[in-house]
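Protein chains in written order, with our numbering: chain V, 1 to 707; chain A, 708 to 1414.
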């Protein structure tokens, strides 16, 4: 059942009081009248009605609206807006001016792929928006472009990512000057569409298990690329089925030796492999490519499966930043071990996770906007003989959508923070910031994409039948976004990387070392944790206290610290009997929860900071309210944990629940302004039921159908 | 966060013991080695490895397998199989013999609609499977057909449902002999494809708000059907856009009066309206139909939007079972009020919910089978320098899929029970059984379809990239099934009907009346509830106790009873200040939780009964294990509630958690047999990664792509 499940237990104090009376005698007629009333939704025109008049109803509904915060959308929006809004508007304007480039609702896979290619080439050559330039100079601007094109068609965003972040990024970050000089322009201007050939049929998450080999042939000064078995076929490779001219292929580098084995495995390296003739576009000898076929979504991207049969490439095609092979077959590297080199190689790919976390929240913004606007428009049922009420006035509907809206805001600030961190890292390159960005991007990518995937289902369901019309977009948003949970690192694997990092930091602490910036809080809260929860504050239930960022952040951090400490102890205990692998697996659920808890702590911290730094008073009040909902809803969802360790007493748990529902209701009262502040023009939203001008929605919709 | 979130708190007792030692001194090297080990997944070929040997590993993994229950798939399968397997096999055989009728992965909307029509006509005329016969004679057989065709293409199942259950059902159940005589054969043999025109653009859930009117014209002895405004356009009407010849149109019956108003509104009635010429298939005068267009799924069904402009139909076309109009415009009915007639009319449509609950679990079976078989095949990571392990051996993966498998079994028995109840009701027609089936079908439809919708996402995600290939089906299953949550009654609305019913029953009890069969348990447990939880049993933590069906069922029923009692008290309290409507809305989350809790109680009860009645010992043991997982997982998910009222003490909560994880692991060990027992032939499963013969999956997949 949903999180509302925990409701009953916590209702106890309120109910217990009521229960002391005999339920038989206290069963006054009112609730039974209500039941009869509701039955009458099936029985119209009954002459009995016990309900309040419509006027009274309106007053009640409006009661808390008297407290409504005045939100100036323009102010809030300008605070939210990133610094790269300009280039996003260029993207929007370009596609607005080229209606023939817009993706229709129904399009075959092959047509979609061609359209997607035309969109990308148009963007680069006609609109002269050059993403590759920004990959190098200003990654934040590149991410802004990726988000904007994603709202045009998510396939386009992924194709752009394959070209510039994956294929282009591998050349830039894993290669050296000679590679940049040779490939930069062709990648930039789309003359050299390329692929990123890492994943194989049998190995996705476990990159070290890749089996494609690149054997150096000293006689010809070439590498020979081979697919040794079916499991090693490169699979899901974007741009491969139709458009790619090149691929950066990840393969085990094999060097000839003079011992009996004959070759030495130097680990996974990346190689530039031409796959199609630049002029004729025919497949090159030894390269076999098949179409991976229809996918759940993103059918504008041409994923292919590649098999290599003794494909020869010049030695220069090894992307040699972290390791090189000399003419005579000697290996050289600035890094001491295979594992360091492998880590450095994969470390360069972290940008993909940053852009996914960021873009995933872009998708969530669009979906939440459509669902909330429609829920404000749609009316269904109401007090008998009175006008129907808007469905967002139902508690259950607020429960579905308002914590989601709060999360969207929370993720907005957290992912912007990640982008900043990433840009800083690219500038300074210092090791601590590399580790920090690695774990933060893994955690946010996993957490945000899982949340968005769940939310897209909720949005569709919350919009009922009209949410099922393709034109209202939940289907394509969901299908396209779905794989965000898997590519650039499976979410379950990424969360384990966060857990590993936390455990490392924990170990450091007890060895007296310093913690990375994002983990600094652990040092303090760890000490707090080792003492018992404060029996006085665990009873505090005042609204001021519950809305105090210190209480909220302490609660989040306390949970993370406790999880960290307890899982470390469990790992230690189980290692003795199960060994390291068995112990890790035995604690896996616990470890994943730890990682999520940490990420939630970081998100809340960024949100609180954003509230603090907001210059406009009205906007700040609104953001504070939304931040409270984010924090309280998360605490309430996990109330079992807090109760079990007596971090909150029963009365406090009840107060948290009541306040969460109340804040949910207050956020509902500014919900329209909050989604308007995302500043997504109707051209981007597109769904007839989610447009900015209320009232026009239904007529847009009937027109769409042909009335 | 997921339900595993609650883990940490409950881990406390175990951890507290460990915590009494100084964490700095007790941080032995083992867990840290594990962390280093896991980091090495990014750093292969390190020479350090602390892990157990592969042999030790295997022994550990196999340890609990020693206890593995011997499941004979044939025995279990024959117990599970319904009595109408024969006709399902006829369906499968027919479509297997007609490959040109199979729906390809990529197909345009218009082609899909035509194909779907050919599939249906072929089934009826060629295979001579006549669903309409069974709608009348043996609904259980009809449901079995619907489930089987759903596994061919869900669009076909829905088109079949529109024709026979909705259009045909309305003629049979709301009409009288004259209608049956005139329409039965044409509906049966598909000469009269028809629509069920209830939903309007502005009104879906609120059927009483429908605005289409049917005004009697005594001069011509006709009704005049009119769409008074855009909001009253009939929307989402299946079979309307292309194939329908007739529609049963729900409209307010207006009779002329001699007062100043001129007409009297007799409430919503159903009318047979011809919409297309039987010979030319042209739209009839006054009927305007537009295509509702592309949908998220089910694009083989031609949903349309209909507007009526003074469409005249003979008086005989009123479906007059519950109310009739005489030649001189007088209204007669065997039922005393508009509300009774409306209730009786809608009550006849309950079969649609039965079939959706049943078919939804059919979808879940297919998805769970594919996901579990693939998770047994797929290997990723493992102890260093050892073969990789199957991903279903990871605790996190078991956590995703095993409770889902248990739920699939649970729903199987619950929905079969519902089918039996429904058939019984259709035979006897007694009022108590009508009410029982009404609430049970509403609750199971809502609960099962919501659960399946969530599970489809989990299945796709659990299968990673290969789950994203369209050929592996999660995309189409999810897109087609999604609307199950909305049509035939929005789930949130249906759960409220269950809550209403429970509150009515509760009221009855205190007035001394008898409870409907399904609710009988409330009588007993209500009394138990009014006393405090037993402080002795709340501490019992032995495995025998936790696996005792009595403990499990008591816990479920206690929760329902408590929720019922507490929400009744809250409704009463809030009614005083908020009125009935406001109080209901104020308690809405609580009411929905109550309804879900009740449905879970009913499901568990049916499962326990099925275990008891299973004749084969091995199958019974397996079912008992699965039933334990279903029960314990649900209790653990809601542990906050139980803890808060001290129904379980901390030690017991911890024991429940440990046992749940252990049972989850045990179920994993018979997971293959459990999905095999669903008895879904590879022809039905179709997904290359989910076929019955292990090992063939990857080669099926590479062949599919063209290698």
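Each residue gets a CB set at the ideal place from its N, CA and C atoms; glycine is no exception.
- Just measuring C-alpha positions, the residue of A:901, A:964, A:1288 sitting nearest residue 1035 (chain A) is A:964.
- Residue 84 (chain V) places its beta carbon 9 Å or farther from that of residue 129 (chain V).
- DSSP links residue 295 (chain V) through a beta bridge to A:1176.
- Check the Cα spacing between residue 1286 (chain A) and each of V:206, V:384, V:617: the tightest is with V:384.
- Look at residue 381 (chain V): its C-beta is under 9 Å from a C-beta on chain A.
- Taking a C-beta distance under 9 Å as the contact criterion, residue 857 (chain A) and residue 296 (chain V) do not qualify as a contact pair.
- Ranking V:158, V:477, V:355, V:547 by CA distance to the CA of residue 366 (chain V) puts V:477 first.
- The straight-line gap separating the alpha-carbon atoms of residue 568 (chain V) and residue 590 (chain V) is approximately 10 Å.
- Following the DSSP letters along the chain, one finds residue 590 (chain V) in no beta strand (DSSP E) but inside the alpha helix (DSSP H) bounded by residues 588-613.
- Contact annotation: in the region 812-823 of chain A, residues whose CB is within less than 7 Å of a CB in chain V are 812, 813, 815, 816.
- Boundaries around residue 1107 (chain A) are those of the alpha helix (DSSP H), 1102-1135, since no beta strand (DSSP E) includes it.
- Judged by their CB atoms, residue 272 (chain V) and residue 247 (chain V) are nearer to each other than the 9 Å cut-off.
- The beta carbon of residue 541 (chain V) is closer than 7 Å to those of 651, 652, 655 in its chain, skipping five residues each way along the sequence.
- Considering only beta carbons, the part of the region 1166-1189 of chain A lying closer than 7 Å to chain V consists of 1167, 1168, 1171, 1172, 1175, 1176, 1177, 1178, 1181, 1182, 1186, 1189, in chain order.
- Among the residues of chain A, those whose CB is under 8 Å from the CB of residue 453 (chain V) are 1164, 1168, following chain order.
- For residue 308 (chain V), the secondary structure class from DSSP, reduced to helix, strand or coil, is strand.
- No Cβ of chain V is located within less than 9 Å of the beta carbon of residue 1321 (chain A).
- CA-to-CA, the gap between residue 1312 (chain A) and residue 1351 (chain A) works out to about 25 Å.
- Sorting V:184, V:624, V:306 by C-alpha distance to the C-alpha of residue 288 (chain V) places V:306 at the top.
- By the CB criterion at 9 Å, residue 783 (chain A) and residue 1381 (chain A) fall inside the cutoff.
- With respect to chain V, the C-beta atom of residue 1376 (chain A) has no partner C-beta closer than 9 Å.
- Taken atom to atom, the span from the alpha-carbon of residue 115 (chain V) to that of residue 98 (chain V) is near 12 Å.
- For residue 117 (chain V), the CB contacts under 7 Å within the same chain, skipping 5 residues up- and downstream, are 243 in chain order.
- With distances taken between CA atoms, residue 916 (chain A) lies nearest to V:379 out of V:245, V:379, V:610.
- Look at residue 1199 (chain A): its C-beta is under 9 Å from a C-beta on chain V.
- In the structure shown, the three-state DSSP call for residue 907 (chain A) is strand.
- Taking 9 Å as the CB threshold, residue 102 (chain V) stays off the interface with chain A.
- Taking 9 Å as the CB threshold, residue 1004 (chain A) lines the interface with chain V.
- Of the candidates V:584, V:293, V:608, the residue whose Cα lies closest to the Cα of residue 500 (chain V) is V:584.
- If you look at residue 923 (chain A), you'll find it in the beta strand (DSSP E) that goes 920-924.
- With 16 or more other Cβ atoms from the protein chains shown falling within 10 Å of its own Cβ, residue 422 (chain V) counts as buried.
- Below the 8 Å Cβ cutoff, chain A contributes 1409, 1414 as neighbours of residue 233 (chain V), in chain order.
- In chain order, 460, 474 place their CB closer than 6 Å to the CB of residue 467 (chain V), counting only its own chain and leaving out the 5 sequence neighbours on each side.
- In this structure, the beta-carbon distance from residue 325 (chain V) to residue 278 (chain V) does not fall below 9 Å.
- Interface flag for residue 639 (chain V) against chain A is set, since a Cβ pair is found closer than 9 Å.
- Residue 274 (chain V): member of the beta strand (DSSP E) spanning 263-274, first to last residue.
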